[in-house]
Structures are given as structure tokens and as C-alpha cells.
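Sequence order for the protein chains is A and B.
Here the first sequence stands for residues 439 to 583, where the numbers follow this note's numbering.
Here the second sequence stands for residues 439 to 583, where the numbers follow this note's numbering.
Inspection log for the structure reproduced underneath, given as C-alpha cells.
There are 2 protein chains.
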Amino acid sequence: MLMGRIHDLTHKWLRGELAAAGLSGIVPSHGDVLALLFMKGEATMHELAAFAHRTRPTTTVLVDKLEEVGLVRRMQSEDDARSVVVVLTAEGEALRGSFAAISKKLASRVYSPLSKDEGEMLEKLLNKVLSNLEAAKNAESAKSD
Amino acid sequence: MLMGRIHDLTHKWLRGELAAAGLSGIVPSHGDVLALLFMKGEATMHELAAFAHRTRPTTTVLVDKLEEVGLVRRMQSEDDARSVVVVLTAEGEALRGSFAAISKKLASRVYSPLSKDEGEMLEKLLNKVLSNLEAAKNAESAKSD
DNA sequence: CTATTATAGTTAGATATCTAACTTTTGTCA
DNA sequence: TGACAAAAGTTAGATATCTAACTATAATAG
């Protein structure tokens, strides 16, 4: 409940920031796609979906949008004719700085009321909770074998 | 990012639990609506929206669904002809126990990897973060006066 | 009292997401 | 090597949510 509310508020704030940066229609999930491309240079749809924790159909739509606004380009993979490789365009690459700035601002917005120790403690506890949830989820899906 | 992921996982798990309890099509937001009714007995659309942190149009749809499956009933307010009062039906009231059980199970699922002290610390830190975000949000919306 | 403004709720239209089903290509195994 | 299973991606259809606009009622101000 607490976490859901924090998630909602940060999400909404992020949308506003992206719109203010001239990227209206770009939402946090698009940001996740771009984040992996900033790191790796290129990625398949499959990799982008896994990184953003979205399904492949959703990723198709996300990349459609990014391509439409000119930030990325789809290319045919040379290794595997089934695969699509997504790369940044020059316009996409140009946004690296703005994205880093927004990420930093977000982190500061969330952690500002906490001391350094408290911030680290929060991260540690959340990671514990998350690992446990992921493990439980995997155990449950393994049951259906 | 961490919180968004935890939120996604608990949300998805909740859907499964609700479906297992014979309430397929009922999602966590419907649960929030029912939660207030379990507490107060009755509530206006406006109150339900505020409690569930959803907009009024969304609440209209949520209550439509709950009415459709027979868990709540809309009534005309006697005090104010504009207001709709939502109440539980007998079928809705009968679910009080299942809902309490699912809530308890959820809390245990999230907090199980933490000690009692750690759980309390996590709540404290999250509350600090949330209060700060709500305050920042209010400050920003006040600027548009 | 009447005209304006505010409030409660709904309707309409848009968007992000999901699951299921489909196409194409690759991998496997008998 | 030829059939069948697995994988990458897309398309189609459903759902939860939002904002904007609308209707009806209540409150307020001259």
C-alpha cells in the first residue's frame, strides 16, 4: 500500500519531467528501454523486454513509439533472422545527458528526507523483500511443470 | 525502480489470490473500495475515490463492476440529491473474512524475510519518503494559483 | 430571488499494459 | 534429413487507468 502510493507519485512526477524535457508521450517504460540502449549501445526486443520488466508485446509498442519520435531505429539482426536489433539514433544519443539528470533528480527527490545511513538501510530492506518475492514467484511457477 | 518492481509483483500475486477466491475480474483497486465499505458500512463515490487514490471516473467503473457482480449496491443519498451512497450487499458482507485473510497473507508475504525490527524500520522509512513526496506534490500544485 | 460558481457523478475518448494467438525462423532428435 | 518443438517478434482484443467535457444539483453573492 505504502509502496504502491510512492510508485504512483514518482511515476506521475516522472511523466511531468519528461514532458518538460520536450518528450511528451514518453513515459517511464520508454525510459527503461532507452536506459539499456545508453548502457549497451544496442539490444534485441527480447533483451529490452527483460530489462524493462515488460512483456514482448508491450515492448513492441514502446519501440514503435520511440521509432516514431525518432529516438531509436530497428535493424535486422545479422546472426538471427528472427531477431530485431534496436539502436539509438543521433537524436536518441543526444538525450543521454537529460536522462541522467532526470534520474539523479528522481533519486534525490525520493531519498532527500533520509540520512545517508537511512537511505542505505531502505535499499537493503527493499532488496531483501524483493529477492524474497522473486524467489516465491519462481517457486510457484515451477509448480506448474 | 525497486519499489515499482515490488509493487508489480504484489499486484500480480493479489490478482491471483482474488481469482482463487472466486473473484475473477476483481482487482486490487476493487479491494480498496471494499476495504472502506468494510470499515464504514457505506460511502459516497467521492469518499471511495479519495480512499482508493483513484479519480472519480475510475471509481465509477470500479463500482459498476462491483455492482455487476453483486457485491455492492448504489443508493440515492437522502441529504444531497447529487450524491450516490454505496453499500455492501449480503454477498459483499460475506467476503469480509476472505479479504482479511488475503490482506494478512499479503503482509506476511512482503515482510516475511524481515525481522520485526527491520519490518518496523522499513515502514518508518517508507512513511518518511511518502510524506516528503506528498508535501512536494502539494507545494508544486499550489504554485498554479 | 436570481445568476453565477462549485460540487457529485457519469460519459467519452485516449493510453499503457496484459494474454492469446499467429508468423517466421531456428534448433533438435529419431 | 524431415518433422516437431522452441523462440523472436507482431497483431488482436481486453482491461485499468487517466483527462476533458457534460449533466444535475447545491451553495453563494448581489
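Even for Gly, the Cβ is constructed at its ideal location relative to N, Cα and C.
It should be emphasised that the depicted structure is a prediction, and the values quoted were computed from it without experimental measurement.
Item, Value
"Taking the C-alpha atoms as reference points, what is the distance between alanine 488 (chain B) and alanine 473 (chain B)?", "13 Å"
"Kindly provide the ranges of any beta strand (DSSP E) runs that are 3 or more residues long and lie completely inside the segment 500-554 of chain A, ordered along the chain.", "510-514, 522-526"
"Between which two residues does the alpha helix (DSSP H) holding alanine 458 (chain A) run?", "440-458"
"Pull up the distance between the alpha-carbon of leucine 544 (chain B) and that of glutamate 505 (chain A), whole angstroms please.", "40 Å"
"Short of 8 Å Cβ to Cβ, which residues in the segment 526-556 of chain A face chain B?", "Arg547, Val548, Tyr549, Ser550, Pro551, Leu552, Glu556"
"Kindly list the residues whose CB is nearer than 8 Å to the CB of threonine 482 (chain A), restricted to its own chain and excluding five residues on each side of it in sequence; keep chain order.", "Ser515, Ser521, Val522, Val523, Val524"
"Between glycine 442 (chain A) and chain B, is any beta-carbon pair separated by less than 7 Å?", "yes"
"Any beta carbon of chain A sitting closer than 7 Å to that of leucine 472 (chain B)?", "no"
"Looking only at its chain, what residues have a beta carbon closer than 7 Å to the beta carbon of valine 510 (chain B), apart from the 5 residues adjacent to it on each side?", "Leu475, Val501, Leu504, Val524, Val525, Leu526, Thr527, Gly530"
"Determine, for asparagine 576 (chain B), whether the minimum Cβ-Cβ distance to residues of chain A falls below 7 Å.", "no"
"Quick one: what's alanine 473 (chain B) bridged to in DSSP?", "Note: alanine 473 (chain B) sits in no beta bridge, so no partner."
"With DSSP collapsed to three states, give me the class of threonine 493 (chain A).", "coil"
"Please confirm if the segment 553-571 of chain B is in contact with the segment 549-565 of chain A, defined as three or more CB-CB distances below 8 Å between the two stretches.", "yes"
"Is it buried or exposed, aspartate 470 (chain A), if we count other Cβ atoms within 10 angstroms and call 16 or more buried?", "buried"
"Count the other CB atoms, across all protein chains shown, that sit within 10 Å of the CB of methionine 477 (chain A); report buried if there are 16 or more and exposed otherwise.", "exposed"
"7 Å is my cut-off, CB to CB: does aspartate 583 (chain B) come that close to chain A?", "Because aspartate 583 (chain B) carries a pLDDT of 40, less than 50, the predicted location of this residue cannot be relied on, and the following value inherits that uncertainty. No, because no Cβ of chain A sits closer than 7 Å to the Cβ of aspartate 583 (chain B)."
"Tell me whether histidine 484 (chain A) is buried or exposed, calling it buried when 16 or more other Cβ atoms sit within 10 Å of its Cβ.", "exposed"
"Under 7 Å between C-beta atoms, does lysine 478 (chain B) make it to chain A?", "no"
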